[in-house]
Amino acid sequence: MVSSVLCRCVASPPPDAASAASSSASSPASVDPCGGAVCGGPDHRLRLWSLFQTLDVNRDGGLCVNDLAVGLRRLGLHRTEGELRKIVQAGDKDLDGQLDFEEFVHYLQDHEKKLRLVFKSLDKKNDGRIDAQEIMQSLRDLGVKISEQQAEKILKSMDKNGTMTIDWNEWRDYHLLHPVENIPEIILYWKHSTIFDVGENLTVPDEFTVEERQTGMWWRHLVAGGGAGAVSRTCTAPLDRLKVLMQVHASRSNNMCIVGGFTQMIREGGAKSLWRGNGINVLKIAPESAIKFMAYEQIKRLVGRDQEALRIHERLVAGSLAGAIAQSSIYPMEVLKTRMALRKTGQYSGMLDCAKKILAREGVAAFYKGYVPNMLGIIPYAGIDLAVYETLKNAWLQRYAVNSADPGVFVLLACGTMSSTCGQLASYPLALVRTRMQAQASIEGAPEVTMSSLFRQILRTEGAFGLYRGLAPNFMKVIPAVSISYVVYENLKITLGVQSR
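In my numbering, the protein residues as written are 1 to 501.
Have a look at this one:
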């Protein structure tokens with residue numbers, strides 16, 4: 001029943017283009033044995049409907065976990081309750097706890113795409129078949145060592161014709177209704193937060209494959225990402241300082257433009273002043289990245305997924321918590337960065353002098369000004385950035401991924417730029433309020449400015465537009481920041497000996 005639904009047209013291709021053209025002209029079915037009927041033709045939906053009805057044991061028009069368990073058992077396929085629950089969760093778009101026919105069809109199509117990518121990655125000889133040696137090599141690449149007897153046992157469970165090799169049809173038939181989530185090839189090629197640095201380290205940490213964790217490649221990725229972030233932030237520092245100045249000083253009465261802002265900075269402190277605050281901004285990359293990664297891994301262990309990639313909503317929760325822990329740990333450095341960027345010539349001799357003067361005049365509490373809006377900003381930034389990136393990634397994988405999950409440089413850059421931009425746009429009002437609170441020096445006897453009172457004041461005096469002061473230079477730095485960090489990251493990977501496929 002299951003096999004009859006699937007396409008059998010991945011047969012051996014004609015030996016050359018000429019024979020392909022002639023055979024196509026004379027007999028379409030010779031190239032496509034199913035004549036298109038099972039590859040999306042009108043009979044395809046009828047066959048899927050037949051399978052759907054077979055699995056729908058209680059005839060209510062939906063496949064729940066129990067339906068799948070009973071229906072698949074009748075077809076000779078045994079799946080655990082956890083695996084079946086993953087299938088339903090993956091395809092359940094309306095969140096009603098079951099799959100209707102359209103959701104079932106969409107799940108199978110999406111699932112087959114992922115299975116093809118896995119098959120291609122296992123087929124080391126590129127001959128359309130997987131043998132025991134290829135299974136051993138692929139698992140060894142992922143940090144799992146098995147014997148040849150174990151590999152042959154895996155083969156026998158899928159091999160229908162006794163050839164001790166698995167072709168595409170056998171592979172797909174066996175895995176059709178078996179959940180496949182973040183396959184190693186997708187994790188490998190679609191790293192996001194490690195590669196791209198736009199100045200705000202609020203993104204959800206990347207997943208690493210078992211191989212990368214066991215071989216120690218993960219820390220090399222993090223070091224390469226940190227180095228790329230340092231170069232990227234230094235190159236775009238003038239735009240970042242201009243953004244901070246506009247967030248704090250721009251208003252209806254003081255309408256600061258980009259050219260005017262740069263002119264004002266150079267006139268006040270020379271060209272060197274464009275990089276004020278960049279030193280502490282670069283310095284905080286290492287502790288923030290390390291704390292976030294360690295916190296993320298610990299949270300994964302707490303939810304019982306130490307060796308397994310998290311689902312999207314789990315990644316968002318774990319990443320947001322890890323980001324909150326990291327931000328809490330280095331937040332005084334954030335306040336110092338803002339004060340250093342806003343300082344006048346001669347006001348502070350350096351970072352330590354700035355910290356001493358703030359401590360003496362305003363106390364320890366000054367180092368946590370703007371902490372609440374900063375924490376609140378993590379969720380919209382990380383959530384939207386992750387959601388947009390995953391949506392773009394999955395759209396590309398479904399439409400264009402045929403032989404590999406590798407998207408290429410330009411697709412990766414475009415997805416990273418768009419997701420970062422959307423994340424920043426969503427959290428920008430909170431970032432602006434945070435910066436203004438950080439910048440406000442405590443005056444003895446003056447009332448303490450709160451987040452809500454500052455929001456009301458900005459809306460009353462400047463309108464909604466006032467919450468987006470400095471947005472232009474902020475967006476201007478996204479494309480160069482992403483591009484620079486990617487180029488530096490790739491070069492540092494080579495220097496550090498990170499394996500690429």
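Ideal placement from N, C-alpha and C gives every residue a C-beta, glycine not left out.
Everything numeric in this text was worked out from a predicted model, so none of it was measured.
Residue i versus residue j - alpha carbon distance
| i | j | result |
| --- | --- | --- |
| Arg339 | Cys354 | 8 Å |
| Ala326 | Lys292 | 5 Å |
| Arg59 | Gln53 | 7 Å |
| Val248 | Lys93 | 43 Å |
| Glu81 | Gly91 | 16 Å |
| Leu48 | Glu83 | 21 Å |
| Ser289 | Gln438 | 22 Å |
| Ser121 | Tyr371 | 46 Å |
| Ile299 | Trp168 | 38 Å |
| Leu51 | Lys153 | 29 Å |
| Leu496 | Arg220 | 6 Å |
| Ile280 | Thr263 | 24 Å |
| Ser329 | Gly363 | 18 Å |
| Asp240 | Tyr400 | 36 Å |
| Arg361 | Ala441 | 9 Å |
| Val482 | Leu412 | 10 Å |
| Asn66 | Leu75 | 14 Å |
| Leu471 | Gly61 | 50 Å |
| Ile378 | Asn278 | 22 Å |
| Thr421 | Arg469 | 16 Å |
| Tyr296 | Leu321 | 8 Å |
| Asp100 | Ala365 | 55 Å |
| Glu314 | Asn254 | 44 Å |
| Leu352 | Val303 | 40 Å |
| Arg301 | Met294 | 11 Å |
Other residues of its chain near residue i: CB distance less than 6 Å, five sequence neighbours each side excluded
| i | result |
| --- | --- |
| Pro332 | Phe367 |
| Ser419 | Asp385, Val388 and Tyr389 |
| Pro380 | Ala426 and Ser427 |
| Ile494 | none |
| Trp171 | Phe119 |
| Ala395 | none |
| Thr165 | Arg129 and Asp131 |
Expected contact under 8 Å - CB spacing of residue i and residue j to nearest Å
| i | j | result |
| --- | --- | --- |
| Ser232 | Ser485 | 4 Å |
| Pro429 | Leu242 | In fact, because the Cβ distance is near 19 Å, the residues do not count as touching under 8 Å. |
| Met524 | Glu148 | Any question about residue 524 goes unanswered here, given that the chain covers just 1 to 501. |
| Leu397 | Lys113 | 7 Å |
| Cys257 | Pro480 | About 20 Å; that fails the 8 Å criterion. |
| Lys357 | Tyr348 | 7 Å |
| Lys369 | Val335 | 6 Å |
CB contact flag (residue i, residue j, <7 Å)
| i | j | result |
| --- | --- | --- |
| Ala228 | Gly319 | no |
| Arg276 | Ala341 | yes |
| Ala230 | Ile285 | yes |
| Gln98 | Cys64 | yes |
| Leu561 | Leu432 | What is shown of the chain runs 1 to 501, which leaves residue 561 out entirely. |
| Arg434 | Asn374 | yes |
| Leu245 | Gly225 | no |
| Thr417 | Val478 | yes |
| Thr345 | Gly269 | yes |
| Val57 | Gly71 | yes |
| Leu274 | Pro238 | yes |
Residue i, enclosing alpha helix (DSSP H) - first and last residue
| i | result |
| --- | --- |
| Val317 | Ile312 to Leu342 |
| Asp240 | Ala237 to His249 |
| Arg538 | Residue 538 is absent from the structure shown; the chain starts at 1 and stops at 501. |
| Gly71 | Val65 to Arg74 |
| Met590 | Residue coverage of the chain in this structure runs from 1 to 501, which leaves residue 590 outside it and unanswerable. |
| Ser121 | Phe101 to Leu122 |
| Val487 | Val478 to Leu496 |
| Gln98 | Element bounds for Gln98: n/a, residue is neither H nor E. |
| Pro407 | Where Pro407 is concerned, there is no enclosing alpha helix (DSSP H), given that its DSSP letter is neither H nor E. |
| Arg301 | Ile285 to Leu302 |
| Ala360 | Met351 to Glu362 |
| Arg252 | Per DSSP, Arg252 belongs to no alpha helix (DSSP H) and is neither H nor E. |
| His467 | According to the sequence as given, residue 467 is Leu; it is not His. Where Leu467 is concerned, there is no enclosing alpha helix (DSSP H), given that its DSSP letter is neither H nor E. |
| Glu81 | Glu81 to Gly91 |
Chain-order list of residues whose beta-carbon lies under 7 Å from that of residue i (same chain, five-residue window excluded)
| i | result |
| --- | --- |
| Gly128 | Asp167 and Trp168 |
| Arg436 | Gln247, Val248 and Leu454 |
| Ala151 | Ala132, Ile135 and Met136 |
Close-in-space but distant-in-sequence residues of the same chain around residue i (CB under 8 Å, 5 per side omitted)
| i | result |
| --- | --- |
| Thr461 | Ser251 and Arg252 |
| Asn491 | none |
| Ala21 | Note on Ala21: pLDDT 35, under 50, position unreliable in the model; no value is reported. |
| Leu68 | Leu55, Arg79, Leu84, Ile87, Val88 and Leu177 |
| Val409 | Tyr486 |
| Asp123 | Arg129, Ile130 and Glu134 |
Residue i: CB within 6 Å of a non-hydrogen atom of the ligand GTP
| i | result |
| --- | --- |
| Asn255 | Of the ligands one can find in the structure shown there are none, so the ligand GTP has no counterpart to examine. |
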